[in-house]
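Structure first, commentary second.
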Ligand SMILES: [Mg+2]
């Protein structure tokens, strides 16, 4: 047994893939986008949001809910929070309870005003990623346009084998209306439900596939042929990390040094990968050693 373990350790690397979230993982919240004004969002609301990036965009989400979906202003923040908690993202929740709107319209509205220009290239991260000869895949709930913009601003365009975005898991169906509207479906009153939860009432399901649902992870594994048991998953959201752990991934919570349940490694900053996971570079060192040894033999043979 000891021999087997040892053999495995030396013959096969523990990880063969790195799976990254984008927002607040590949770049920290403090690096620029945080400067966005949180128009009229109450402090209690901000305090309850676990994910800083969500706090940044929530002003726009709330505006979308009032302006485009006609939701009353005094109810909108509470509704936004309930949906986020139950469904993982507010958008997934809005679809579940019956609002009809176009995904692209929502994303354009919410991400359209982000100050992307304040984000700077990150050559340190780029070097870290490129120095690892294993698979690197991105898995974000954000839309394709937002993901591409952030990755380009960070100077990481050639660092990933594939970017799994909102559209990858939720290809647009032809039945959806091209413009946002309230539609004709009856809206499930989730606020009343939350105020008085009734176990006999089944909550409506969302058609949106996104983190932190286990199904979203399973789909990504299938699409990319990822083995979760050999993959390190980096995300700033504890909810995503905990689901990731349940589906077999090795987990790295980014943005804090505090370890919680489901977290294998906690990294204050993505730049700390090298210190926290030196074994990732073992394979690189072994390869370099092998090349050196081969060169030595070649030189000796020639001599
Ligand atoms: Mg994130």
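Residue numbers (our numbering): 265 to 567. Where a beta carbon is used, it is the ideal one built from N, C-alpha and C, also for glycine.
* **residue 353 versus residue 347 - alpha carbon distance** => Numbered from its first residue, the chain shown carries residue 353 at position 89. Numbered from its first residue, the chain shown carries residue 347 at position 83. Roughly 7 Å between the two C-alpha positions.
* Asked: Does the beta-carbon distance from residue 491 to residue 281 come in below 9 Å?
  -> Numbered from its first residue, the chain shown carries residue 491 at position 227. Numbered from its first residue, the chain shown carries residue 281 at position 17. Yes, they are a contact pair.
* For residue 291, which three-state DSSP category applies? -> The residue labelled residue 291 in the question sits at position 27 within the chain shown. Three-state DSSP puts residue 291 in a strand.
* Asked: When the Cα of residue 394 is compared with those of 539, 411 and 421, which residue comes out closest?
  -> Start at 1 with the first residue of the chain shown, and residue 394 comes out as number 130. Of the candidates 539, 411 and 421, the one whose C-alpha sits nearest the C-alpha of residue 394 is 421.
* Could you check the C-alpha separation between residue 539 and residue 323 for me, to the nearest Å? => Here residue 539 is taken as the residue at index 275 of the chain shown, counted from 1. Here residue 323 is taken as the residue at index 59 of the chain shown, counted from 1. Approximately 37 Å, taken between the alpha carbons.
* To the nearest whole angstrom, what separates the beta carbons of residue 289 and residue 534, a pair I think is in contact under 8 Å? -> As a position in the chain shown, residue 289 is number 25, starting the count at 1. As a position in the chain shown, residue 534 is number 270, starting the count at 1. About 6 Å; that satisfies the 8 Å criterion.
* To do: Return the residue from the list 431, 524 and 378 that minimises the CA-CA distance to residue 483.
  => Along the chain shown, read from residue 1 onward, the residue named residue 483 stands at position 219. It is 431.
* Asked: For residue 442, which three-state DSSP category applies?
  -> On the chain shown, residue 442 is found 178 positions in, with the first residue counted as 1. Since pLDDT at residue 442 reaches only 41, below the 50 mark, its modelled position is unreliable, and the value read off the structure follows with that caveat. In the three-state scheme derived from DSSP, where H, G and I count as helix and E and B as strand, residue 442 is classed as coil.
* Asked: Along the chain, where does the alpha helix (DSSP H) that runs through residue 410 open and close?
  -> Start at 1 with the first residue of the chain shown, and residue 410 comes out as number 146. Run containing residue 410: 408-417, per the alpha helix (DSSP H) assignment.
* To do: Under 8 Å by Cβ, that's how I've got residue 286 and residue 411 pegged, so tell me the actual separation to the nearest angstrom.
  => Within the chain shown, residue 286 is the residue found at index 22, counting from 1. Within the chain shown, residue 411 is the residue found at index 147, counting from 1. Contact holds; Cβ gap of about 6 Å.
* To do: Compute the beta-carbon to beta-carbon distance between residue 481 and residue 508, rounded to the nearest angstrom, for a pair I have assumed lies under 8 Å.
  => Here residue 481 corresponds to residue number 217 of the chain shown, with the count starting at 1. Here residue 508 corresponds to residue number 244 of the chain shown, with the count starting at 1. That pair is a contact at about 7 Å.
* Asked: First and last residue of the beta strand (DSSP E) that includes residue 375?
  -> As a first step, residue 375 must be located in the chain shown, where it is residue number 111. Unbroken run through residue 375 is the alpha helix (DSSP H), 367-375; no beta strand (DSSP E).
* Asked: Mapping DSSP to helix, strand and coil, what is residue 324?
  -> Along the chain shown, read from residue 1 onward, the residue named residue 324 stands at position 60. Three-state DSSP puts residue 324 in a helix.
* **Beta-carbon spacing of residue 487, residue 428 below 9 Å** => Indexing the chain shown from 1 puts residue 487 at position 223. Indexing the chain shown from 1 puts residue 428 at position 164. Closer than 9 Å, so yes.
* Excluding sequence positions up to five away, which residues of its chain have a Cβ less than 7 Å from the Cβ of residue 516? -> Position 252 of the chain shown, counted from the start, is the residue given in the question as residue 516. Around residue 516: 496, 497, 498, 528, 529 and 531.
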